[in-house]
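> Note that this note's numbering gives residue 289 to position 289 of the sequence shown, counting from 1, and the numbers run on in steps of one.
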Amino acid sequence: MQYPKVLLVGRTNVGKSTLFNRLSDNKHSIVFDREGVTRDYVQEVITWDEKTFDLVDTGGLSFKKNNDDIGKSVQEKVLTLLGQAALVVFICDGKAGVVDEDRRIARLLHKNAQHVLLVINKVDSAQTLQDSEFEFSVLGFDTWLKVSAIHGSGVGHLLSTMAKYVGDATAVAEEQKLAYRVVLVGKPNVGKSSLMNLLAKKDRSIVSDIAGTTREPITENVYCCNELVELADTAGVRRKSRVEDDLESLMVKSTLDAVKQADIVVAMFDASEGKLHDQELKLLFYALEQRKMAIVVFNKTDLLDEYKRMLLEQHMEEYEFILKKLPVVRVSCLTKKNIDKIFGEIQAVWQRCQQPFKTTEVDDIVKQALEEKPLFHIGIKLRVFKIRHVKAQIPTFVLHVNFPEWFGPSQLSCIENILRKHYDLKGCPIQFSVKKV
């Protein structure tokens with residue numbers, strides 16, 4: 001089901017992303033003092049005055065002749081969204097006043113938008129508004145408000161005004177609940193945005209050969225095996241030593257934050273390079289450290305020749321200790337090979353994590369295995385007197401033992417391997433709580 005859209009538009013650097021973050025519960029948009037930071041649109045469901053709507057932050061509109069391909073794609077997306085919006089919030093810079101691009105955007109909105117609310121941002125004092133009040137009237141909009149996105153003044157009134165333009169969607173908001181969140185991660189140019197568009201079945205993310213095209217997590221609600229899930233495309237992450245720009249540092253942070261908020265991580269690798277790069281592996285290990293469900297996707301398999309295929313298989317054997325615990329899907333976003341298998345694997349991982357465990361059965365399996373191959377610490381036998389399953393989002397077990405302080409990573413890894421041998425836990429993290437008897 002679709003919520004009414006409220007669209008934030010304006011030229012670059014007028015404070016759209018700052019205002020979006022102020023209005024939304026989660027700060028999704030990157031705010032940086034540079035033109036054209038936002039490219040793909042960012043959206044979040046907002047409820048205010050018992051009205052629910054999609055708030056959408058768009059890339060800055062620019063009519064400069066030297067617009068590159070990415071700039072043109074940004075503009076095309078904004079124009080498409082204009083026809084879908086219940087309300088367009090046209091944001092201008094109260095300190096800079098009206099400039100030529102504001103006038104051009106105003107003409108565009110008069111022609112293409114049904115309802116427009118003019119918002120003058122960066123009004124931090126009464127003098128700022130007084131100096132520009134008459135100037136903004138030439139844009140030809142009857143309804144306008146003044147706000148300061150940085151300080152939050154006027155935001156409540158703005159939300160109430162937005163709510164008046166949208167239908168009552170409270171019932172829909174109660175019915176629609178996300179089952180879980182999925183995030184796509186990988187290094188730049190691995191194909192995350194292409195996969196996002198294929199899974200969402202729409203041109204949601206801008207696709208370009210230029211590294212760093214995606215800058216902030218781009219989300220879309222999609223159906224995966226009849227369940228509503230949030231799918232997120234993220235900025236590519238390079239090695240820390242190669243990140244010199246402050247904007248890229250913010251992009252990396254936003255990607256890592258998206259991993260923390262996700263339930264399932266899809267780690268993408270470039271199969272055409274015939275190896276697993278350190279940066280790709282670090283992203284995967286980071287997701288696993290965060291106790292996230294995970295699957296591995298090798299993209300660009302259509303570019304593999306026999307030699308690189310052999311190198312890739314050898315490299316995968318080197319990391320078999322981790323890859324054997326995860327579902328691995330080989331795809332080609334270009335030819336769409338095996339794309340249809342990804343949602344199936346995602347759903348399978350989710351269901352494995354929800355599987356029931358009988359405490360008596362788990363207890364017998366672990367105790368018997370440890371009798372056959374005991375654990376020791378400085379010559380002292382470590383005993384597990386009882387193991388019980390605790391209901392949680394990921395498989396969680398409580399161990400009652402003789403020396404909790406000696407059950408470190410290697411001992412717990414041994415017990416984890418026992419469980420994985422007897423249960424299908426591919427892609428599922430396992431966590432333990434160790435207690436003294």
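Ideal Cβ placement from N, Cα and C applies to all residues, glycine included.
If we ignore side chains and look at the alpha-carbon of each, how far apart do residue 47 and residue 359 end up?
The count along the sequence shown starts at 1 and reaches residue 47 at position 47. The count along the sequence shown starts at 1 and reaches residue 359 at position 359. Cα to Cα, the separation comes out at about 43 Å.
> Which residues bound the beta strand (DSSP E) around residue 385?
The sequence position of residue 385 within the sequence shown is 385, counting from 1. Residue 385 -> beta strand (DSSP E) spans 384–390.
> Measuring CB atoms only, is the stretch 389–408 touching the stretch 194–203, in the sense that at least three cross pairs come out at less than 8 Å?
Too few Cβ pairs lie closer than 8 Å, so no.
> Please classify residue 186 as buried or exposed, where buried requires at least 16 other C-beta atoms within 10 Å of its C-beta.
Position 186 of the sequence shown holds residue 186. Result: buried.
> Only counting runs of 3 or more residues, tell me where the beta strand (DSSP E) segments fall wholly within the stretch 261–348, in order along the chain.
If we require 3 residues or more, the beta strand (DSSP E) runs fully inside the stretch 261–348 come out as 264–270, 293–299, 328–330.
> Under 8 Å, do residue 124 and residue 11 count as touching if we go by C-beta distance?
Here the question's residue 124 lines up with position 124 in the sequence shown. Here the question's residue 11 lines up with position 11 in the sequence shown. Against a cut-off of 8 Å, the Cβ pair of residue 11 and residue 124 comes out as no contact.
> One question on the structure: do residue 308 and residue 270 come within less than 8 Å of each other, judged by their Cβ atoms?
Residue 308 sits at position 308 when you count from the first residue of the sequence shown. Residue 270 sits at position 270 when you count from the first residue of the sequence shown. For residue 308 and residue 270, no; Cβs fall outside 8 Å.
> Quick one: what's got a C-beta closer than 6 Å to residue 223's C-beta in the same chain, skipping five residues either side?
For the purposes of this step, residue 223 is identified with residue 223 of the sequence shown, where counting begins at 1. So the list is empty, once near-sequence residues are dropped.
> Compute the Euclidean distance between the alpha carbons of residue 18 and residue 388, then round it to the nearest angstrom.
Counting from one through the sequence shown, the residue named residue 18 turns up at place 18. Counting from one through the sequence shown, the residue named residue 388 turns up at place 388. Going from the Cα of residue 18 to the Cα of residue 388 covers about 48 Å.
> Can the beta-carbon of residue 231 be found less than 8 Å from the beta-carbon of residue 199?
Position 231 of the sequence shown, counted from the start, is the residue given in the question as residue 231. Position 199 of the sequence shown, counted from the start, is the residue given in the question as residue 199. Yes, they are a contact pair.
> Please state whether DSSP places residue 355 in a helix, a strand or coil.
Here residue 355 refers to the residue found at position 355 of the sequence shown. Residue 355: coil per DSSP, three-state reduction.
> Does residue 437 pass the burial test, meaning 16 or more other C-beta atoms within 10 Å, or should it be called exposed?
Position 437 of the sequence shown, counted from the start, is the residue given in the question as residue 437. The residue is exposed, with fewer than 16 neighbouring Cβ atoms inside 10 Å.
> If you compare alpha carbons, which of 305, 317, 297 is closest to residue 332?
Within the sequence shown, the letter at position 332 stands for residue 332. Checking every option, the nearest Cα to that of residue 332 belongs to 297.
> When the Cβ atoms of the stretch 353–369 are set against those of the stretch 322–341, are three or more pairs found closer than 8 Å?
no
> Tell me the DSSP bridge mates of residue 181?
Indexing the sequence shown from 1 puts residue 181 at position 181. Its beta-bridge partners are 230.
> Taking the continuous alpha helix (DSSP H) assigned at residue 414, which residues delimit it?
Locating residue 414 in the sequence shown gives position 414, counting from the first residue. Per DSSP, residue 414 belongs to the alpha helix (DSSP H) from 409–422.
> Between which two residues does the alpha helix (DSSP H) holding residue 101 run?
Walking along the sequence shown from the start, residue 101 turns up at place 101. Unbroken alpha helix (DSSP H) run through residue 101: 100–112.
> Just to confirm, are residue 272 and residue 323 a CB contact at a threshold of 8 Å?
On the sequence shown, residue 272 is found 272 positions in, with the first residue counted as 1. On the sequence shown, residue 323 is found 323 positions in, with the first residue counted as 1. Not closer than 8 Å, so no.
> Pull up the DSSP beta-bridge partners for residue 93, would you.
Mapped onto the sequence shown, residue 93 falls at position 93. In DSSP, residue 93 forms a bridge with 121.
> Where residue 422 and residue 79 are concerned, what is the direct C-alpha to C-alpha distance, given to the nearest angstrom?
The residue you call residue 422 lines up with position 422 of the sequence shown. The residue you call residue 79 lines up with position 79 of the sequence shown. Taking C-alpha positions only, residue 422 is separated from residue 79 by approximately 54 Å.
> So, for residue 290: in the same chain, excluding its five sequence neighbours on each side, which residues have a beta-carbon less than 7 Å away from its beta-carbon?
In the sequence shown, residue 290 corresponds to position 290, counting from 1. The residues are 259, 260.
> At what residues does the beta strand (DSSP E) containing residue 425 begin and finish?
To locate residue 425, count along the sequence shown from 1; it is residue 425. That residue, residue 425, is in no beta strand (DSSP E); it is neither H nor E in DSSP.
> By alpha-carbon positions, which one of 106, 190, 183, 386 ends up nearest to residue 361?
As a first step, residue 361 is located in the sequence shown; it is residue number 361 there, counting from the start. Among 106, 190, 183, 386, the Cα nearest to that of residue 361 belongs to 386.
> Between 52, 293, 8, 401, which has its C-alpha nearest residue 61's C-alpha?
As a first step, residue 61 must be located in the sequence shown, where it is residue number 61. Comparing Cα-Cα distances from residue 61 to each of 52, 293, 8, 401, the minimum goes to 8.
> Bridge partners for residue 22 per DSSP, in chain order?
Within the sequence shown, residue 22 is the residue found at index 22, counting from 1. In the DSSP output, where bridge partners are listed per residue, residue 22 has none listed.
> Give the secondary structure of residue 53 by DSSP, where H, G and I count as helix, E and B as strand, and everything else as coil.
Taking the sequence shown and counting its residues from 1, one reaches residue 53 at position 53. Secondary structure at residue 53: strand, using DSSP grouped into helix, strand and coil.
> If you reduce the DSSP assignment to three classes, tell me which class residue 151 lands in.
Counting from 1 along the sequence shown, the entry for residue 151 is found at position 151. Residue 151: coil per DSSP, three-state reduction.
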